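> Can you keep this structure in mind? I'll have questions shortly.
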Amino acid sequence: MRIIVNKAEEKCTGCNLCAVACSVFHFGEVNLGLSAIRVVKDDLGNSVSKPRVCIRCNNPLCLEVEAKKDKESIMKEFEWPVERLANCSFEGLHVKNDSVEFCLHCDLCGGEPQCVKICSTKAIRLAP
Amino acid sequence: MLNRKLAEIDLSTRQIRVQEIPLELRRNFLGGRGLNMYLLYRHVTPETRAFSPENPLIFGAGLLTGLFGSRISISAKAAESEYLGDSNMGGDFGAALVHAGYSHLFITGHSDHPVYLFIHDGHIEFHDAAQLVGQDTLTKQLLIREKLQDPDVKIATIGVAGENRVRFANIMTGQKNAAGRTGMGAVMGSKNLLAVAVKGNQSVTISYPKNFIELAIKLRDQVADTGWGKILGKMGTPFLLNFSNKMGFISFRNHHDTTLGNHIETMKPEGLEKFTEGMVSCFGCTLHCRHRYNIKEGRFAGTKGEGPEYAGLGLGTNLGITKLDETIYLSEVCNKLGLDLISTSTYVGQYMDLFNQGILDEESLGQKLPWGDVEAIEGFLNAIANRKGFGDVAAEGVFAIPRLPEKARSFIKHIKRVAIEPTDERTVKSFALGIAVATRGCCHMRSRPSVEVTNVPRELLSKLYGGDIGETFTDYTGKARIIWWHELLNAVTDSLGICRFVSVFSTIHGLQFKEYAELLQAATGIGFSPDELMAAGERIYTIERLFINREGLGRSDDTLPDIYFDFPVPKGPSKGEFIDRNKFQVMLDEYYEFHGWDEEGKPKDSTLKALGLDKLLPRASSEVV
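Given below as structure tokens:
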């Protein structure tokens, strides 16, 4: 299972409710810095908004140096060491608020991603 | 105590004081507009002038702003009227202010040089704004981002009109979100405050996280799945023009007509599709009602941005414009200059009328002003914003009247010194009552019960409003009840930071007191019954009424310009419609009765007591809250 950002990303309207739902689900707080999904919104221009979240790529460069570890259990973790962020080519990992140690990684909310549920335009969806 | 604070900021002394907002005040006034009105009542007197340093410019994010919406109210003694100033805007700024740690800013004083504020994660800094002077509203925002080297800051700013204290200057954020009416931009300009930039990741604790998410999804569907939600998400508010034009609710050429006639063919909102580059949401809203447009060919090629709203189309129709690209272009000119679209449309339309009737000529206006002439209108807008030539007179709004020739004075039509709007309310009696009694002066957003003119059966509407509302929207029965109900709902909606379009505005399925109570419980843990929230709405509206009573306004000011009473619509679908003076007075009596005000429109002592205002208002005024 993984989250897919819909083709051409044209459906995202920049409401940020995905990020609200993520931080509320994981921390009981609204705080975009505590969300594993972030929206790039061009509010002063005409570019479409872009949700950025871990898309669970087939060969995750972010975990390359940890090849021997159990990737499956790592993928279930929400807080990751910040070092993994630098190797992600998809802007899918985000620094945890002002932390110097951790970044946030989408754990699919344990199976039912809240961001997908709350997105009204289906800009993001769950795929096998 | 909720973790959204109030900052007192004195621009003269550069002193800052941060305060918690007592829970008691939250329970009584919620946040946003409600708390703003409490603060305004306590700190602004009839002697306070809009441009005096002691006039507080109050930014108030709603209690749910940043969680499920992004609306923010901005209030002060009004520049447009010198009475109650209050305006509300969407976008992302309100949410970002809450995420920076504040729900309210209470800004007083006057900076000796142009400044902007940078508020980030609780810190408040004063930055020099010399570089921003004279720039348009979009450029100011781009320059601040460049200066702070941060693409994520959200900015509320004024245009040249605000810098020059044009009495109907707005405050803008993003490309088209405007706190438009009553001249808050001019108040900001008078303080030498050119912008407020905000950013932060301060947590807002949610009391019941699981419930909150489930509720947000449920309420999203409740509104987004309605016909209203769907068409709004696809076309934005311009779709309303088809219906309003068909019914004769619009103003074409300064109310000479209430329909576009054959011109609708070139103004059909469906025609906007060719300029549209997708829809955008405000923070935390599921309706995505804003257009991104890009005009790629023709005379206005290269014009891009957001909008227009229905009110933007009204700017066009009121000035005799009959082409969409011209309307978009002029609405963009207003937004960039920082002029309120609605008041600007009305004042300019009135001067065009005066020119076309030969009462003001080219020499006195400094230019020609033929109906529908885009260049002439753009020139006039620039003259107003820069206060050049006759623009300096027009920039005074209603206060220009004494400077006009005798014959011209009656053309400047207003209610409580706020310009009437480019819509026509002679047909729908509830709409007419609504603008006549609105506390901030002529305003459709204090109450506009659009749902009354939809095809919702009258029985269902009567149930919603709790009593008889008459057989049609053209009779006078029960209209006071409708306006009273919406005034209370809208006061609460604005105090929570939720958008009108998500509430009961054009759909009966919109959110109201019951849903708001559920959301507040899940988000803040503060328990309200729907009736308690309705009482909060009454409390907020009553404090606004007390404010304008104290300014000297009463029953005789709850009225309409003469065209509404004495000039029936001459032709078209609403032909013959007007407001009957006697029946209007009966509506007023009923309206005061619903609010618990006396026959002069003053809240009764028993009403103040029932709302707790007898105890809340006399608090010592040495403290801001």
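Each protein sequence line maps, in turn, to chains X and G.
The numbering of the first sequence is my numbering, which starts it at 1 and goes up by one.
The numbering of the second sequence is my numbering, which starts it at 1001 and goes up by one.
Beta carbons are placed, not taken as given, at the ideal position from N, Cα and C, and that holds for glycine.
Note that the structure is predicted; figures quoted are calculated from it, not measured.
1. Buried or exposed for residue 110(X), going by 16 or more other Cβ atoms inside 10 Å?
2. Going along the chain, which residues of its own chain have a beta-carbon closer than 8 Å to the beta-carbon of residue 1598(G), five neighbours each way excluded?
3. On a Cα-Cα basis, can you pick out the residue from 1046(G), 1317(G) and 1075(G) that is closest to residue 1060(G)?
4. Against chain G, with Cβ distances strictly below 7 Å, would residue 6(X) count as a contact?
5. Go through its chain and collect everything with a Cβ distance to residue 1526(G)'s Cβ below 6 Å, but skip five positions before and after it.
6. So, does the CB of residue 42(X) fall closer than 7 Å to a CB anywhere in chain G?
7. Can you list the beta strand (DSSP E) stretches of 3 or more residues lying completely in the region 1272-1319 of chain G, in chain order?
8. Suppose you measure from the CA of residue 1490(G) to the CA of residue 1327(G); what does that come to, to the nearest Å?
9. In angstroms with no decimal places, state the Cα-to-Cα distance between residue 1555(G) and residue 1562(G).
10. Going by the DSSP bridge assignment, what does residue 1230(G) pair with across the sheet?
11. If you drop the 5 nearest sequence neighbours on each side, which residues of the same chain put their C-beta closer than 7 Å to that of residue 60(X)?
12. State the beta-bridge partners of residue 1118(G) as determined by DSSP.
13. Starting from the beta carbon of residue 91(X), find every residue of chain G whose beta carbon is closer than 8 Å, and list them in chain order.
14. Can you tell me the Cβ-Cβ gap for residue 1422(G) and residue 1346(G), rounded? I've got them flagged as a contact below 8 Å.
15. Pull out every residue of the region 1135-1148 of chain G whose Cβ sits closer than 7 Å to any Cβ of chain X, in chain order.
16. If you check the beta carbons only, do residue 53(X) and residue 28(X) fall under 7 Å apart?
17. Grab the span of the alpha helix (DSSP H) containing residue 1549(G) for me, first residue to last.
18. Across the region 1085-1093 of chain G and the region 116-125 of chain X, are there enough close Cβ pairs to call them in contact, namely three or more that are closer than 8 Å?
19. On a CA-only basis, which of 1457(G), 1518(G), 1335(G) and 1511(G) is nearest residue 1171(G)? Give me that one, please.
20. Using the Cα positions of residue 1543(G) and residue 1364(G), report the straight-line distance between them to the nearest angstrom.
21. Measuring alpha carbon to alpha carbon, tell me which of 1139(G), 1118(G), 1175(G) and 1307(G) ends up nearest residue 1153(G).
22. Identify the continuous alpha helix (DSSP H) that holds residue 1429(G) and give its terminal residues.
23. Give me the chain G residues within the contact set of residue 87(X), using Cβ-Cβ distance strictly less than 7 Å, ordered along the chain.
24. Would you say residue 1277(G) reaches chain X, if we count a Cβ-Cβ gap shorter than 7 Å as a contact?
25. For the region 1020-1043 of chain G, which residues have a beta carbon sitting closer than 8 Å to at least one beta carbon of chain X?
26. State the DSSP-derived secondary structure class of residue 1597(G), mapped to helix, strand or coil.
27. My assumption, with CB atoms under 8 Å, is that residue 1497(G) sits in contact with residue 1031(G). Please give the rounded CB distance.
28. Cα separation between residue 1530(G) and residue 1027(G)?
29. Along the chain, where does the alpha helix (DSSP H) containing residue 1104(G) start, and where does it finish?
30. From residue 1267(G) to residue 1125(G), what distance separates their C-alpha atoms?
31. Who are the near neighbours of residue 101(X) in its chain, counting only those whose CB is closer than 8 Å to its CB and skipping five residues on each side?
32. Which of the three DSSP states is assigned to residue 1456(G) in this structure?
33. Taking residue 1037(G) as part of the alpha helix (DSSP H), name the residues at either end of that continuous run.
34. Starting from residue 80(X) and walking both ways along the beta strand (DSSP E), at which residues does that stretch end?
35. Between residue 1491(G) and chain X, is there a C-beta pair that is closer than 7 Å?
36. To the nearest angstrom, report how far apart residue 1239(G) and residue 1288(G) are at their CA atoms.
In short:
1. Label assigned to residue 110(X): exposed.
2. Around residue 1598(G): 1592 and 1604.
3. If we check each option's Cα against that of residue 1060(G), 1075(G) comes out closest.
4. For residue 6(X), the nearest beta carbon of chain G is not closer than 7 Å to its own beta carbon.
5. Spatial neighbours of residue 1526(G) in its own chain (CB-CB distance under 6 Å, excluding positions within 5 residues in sequence) are listed in chain order as 1520.
6. False, the Cβ-Cβ gap to chain G never drops below 7 Å.
7. Here the runs fully enclosed are 1276-1280, 1290-1294 and 1304-1306.
8. Going by the C-alpha atoms only, they are around 29 Å apart.
9. C-alpha separation (whole angstroms): 16 Å.
10. For residue 1230(G), no pairing in a beta bridge is given by DSSP.
11. Cβ within range, chain order: n/a, list empty.
12. Residue 1118(G) is bridged to 1125(G) and 1197(G).
13. Chain G residues near residue 91(X): none, gap ~14 Å exceeds 8 Å.
14. About 6 Å separates the beta carbon of residue 1422(G) from that of residue 1346(G), a gap short enough to meet the 8 Å contact definition.
15. Taking 7 Å as the upper bound on Cβ-Cβ separation, chain X lies near residues 1138, 1141 and 1142 of the region 1135-1148 of chain G.
16. No, the pair does not count as a contact, with Cβ atoms beyond the cut-off.
17. Per DSSP, residue 1549(G) belongs to the alpha helix (DSSP H) from 1530-1550.
18. At 8 Å Cβ cutoff, the stretches do not touch.
19. Of 1457(G), 1518(G), 1335(G) and 1511(G), the smallest CA-CA separation from residue 1171(G) is found for 1335(G).
20. If I take the Cα positions, the gap works out to 43 Å.
21. Of 1139(G), 1118(G), 1175(G) and 1307(G), the smallest CA-CA separation from residue 1153(G) is found for 1118(G).
22. Under the DSSP assignment, residue 1429(G) falls in the alpha helix (DSSP H) whose first and last residues are 1429-1437.
23. Residues of chain G passing the Cβ test: none, with the nearest at roughly 23 Å.
24. At a cut-off of 7 Å between C-beta atoms, residue 1277(G) counts as an interface residue with respect to chain X.
25. Identification of residues in the region 1020-1043 of chain G having a C-beta nearer than 8 Å to some C-beta of chain X yields an empty set.
26. In the three-state DSSP reduction, residue 1597(G) falls in the strand class (E or B).
27. Cβ-Cβ separation between residue 1497(G) and residue 1031(G): approximately 7 Å, consistent with a contact (criterion under 8 Å).
28. Looking at the two C-alpha atoms, the distance is approximately 13 Å.
29. Per DSSP, residue 1104(G) lies in no alpha helix (DSSP H) segment; the continuous beta strand (DSSP E) that holds it begins and ends at 1102-1108.
30. Computed Cα separation, rounded: 46 Å.
31. Around residue 101(X): 81 and 82.
32. DSSP, reduced to helix, strand and coil, places residue 1456(G) outside both helices and strands of the structure shown, so it counts as coil.
33. 1032-1043 is the span of the alpha helix (DSSP H), which, as asked, contains residue 1037(G).
34. Element bounds for residue 80(X): 79-81.
35. It does not; no Cβ of chain X falls within 7 Å.
36. C-alpha of residue 1239(G) to C-alpha of residue 1288(G): approximately 14 Å in a straight line.
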